[in-house]
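Report on one structure; see the data block that follows.
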Amino acid sequence: MRICIDIDNVIADTFNSLIPLYNRFMGREHTAQEVTETMRRNRWKLLRYYFMAWRRQIMTKIPLIDGAAEAIRDWSNDHDISLVTSRLPLFKRQTRQWLSQNQIPFHELHHVKELTKHEKANGCQLFIEDNIRECEVLADHCERVFLVDHPWNRQAVSKPNIVRVSNWQEIRQKF
Ligand SMILES: [Mg+2]
Numbered sequence: 009m010r011i012c013i014d015i016d017n018v019i020a021d022t023f024n025s026l027i028p029l030y031n032r033f034m035g036r037e038h039t040a041q042e043v044t045e046t047m048r049r050n051r052w053k054l055l056r057y058y059f060m061a062w063r064r065q066i067m068t069k070i071p072l073i074d075g076a077a078e079a080i081r082d083w084s085n086d087h088d089i090s091l092v093t094s095r096l097p098l099f100k101r102q103t104r105q106w107l108s109q110n111q112i113p114f115h116e117l118h119h120v121k122e123l124t125k126h127e128k129a130n131g132c133q134l135f136i137e138d139n140i141r142e143c144e145v146l147a148d149h150c151e152r153v154f155l156v157d158h159p160w161n162r163q164a165v166s167k168p169n170i171v172r173v174s175n176w177q178e179i180r181q182k183f
């Protein structure tokens, strides 16, 4: 089976680990919902934020989400694992380093723009993702899409093959 998996907030606990830095850089507190919005609106400021993050190599220091690495290691023996992230290509090297440090096996790693992940999802039976807009697109290209529940994606989903899951234990049960 071909399985595609997003990295941030699916394998890596990115939001919880970077929100203090993000708030400090932006100069005020943001809720999870606001981060998604400000990320879409303040492109230039965001580029400076990413550059600062890149210089501090923060992508190499993000903690794992519970159960993610174990599940991917188990699956990688029998399945084809593609990691598909919308992290900027700037973070390619740090992302590879982080994956290797955490012993996460994968066959392919793609950095693509938001809402274009389906271009890398050929023949993908299962896609695991936390961006609800991305999930809606992916549902037309993959047999099943697991939407990992977070405060920023609590809207209703419109397609029957999108399944909301709360953690890796549940992902393994429904797999
Ligand atoms: Mg994500």
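Using our numbering, the letters of the sequence shown correspond one by one to residues 9 to 183. The beta carbon of each residue, even a glycine, is placed where N, CA and C say it ideally should be.
Checking the 7 Å criterion, the Cβ of D74 is out of range of every heavy atom belonging to ligand 1. Within its own chain, the residues whose Cβ lies closer than 7 Å to the Cβ of N110, once the five positions on either side in sequence are excluded, are L72 and A77, listed in chain order. Per DSSP, the continuous alpha helix (DSSP H) segment holding D82 begins and ends at A76 to S84. When beta bridges are read from the DSSP output, A20 appears opposite D16 and L72. The distance from the Cβ of S90 to that of H115 is about 6 Å, consistent with a contact at the 8 Å cut-off.
Cα atoms of G35 and D157: separation of roughly 28 Å, rounded to the nearest angstrom.
Between the beta-carbon of H87 and that of I11 there is about 5 Å, and that keeps the pair under the 8 Å contact cut. Residue range L134 to E137 is occupied by the beta strand (DSSP E) that includes I136. The C-alpha of K100 is placed about 16 Å away from the C-alpha of T22. For T93, the uninterrupted beta strand (DSSP E) segment begins and ends at D88 to T93. With the rule of 3 Cβ pairs closer than 8 Å, the region 63-71 does not count as touching the region 41-48.
Burial of A129 is indicated by the presence of at least 16 other C-beta atoms within 10 angstroms of its C-beta. When secondary structure is reduced to three states using DSSP, E151 falls in the coil class, being assigned neither helix nor strand.
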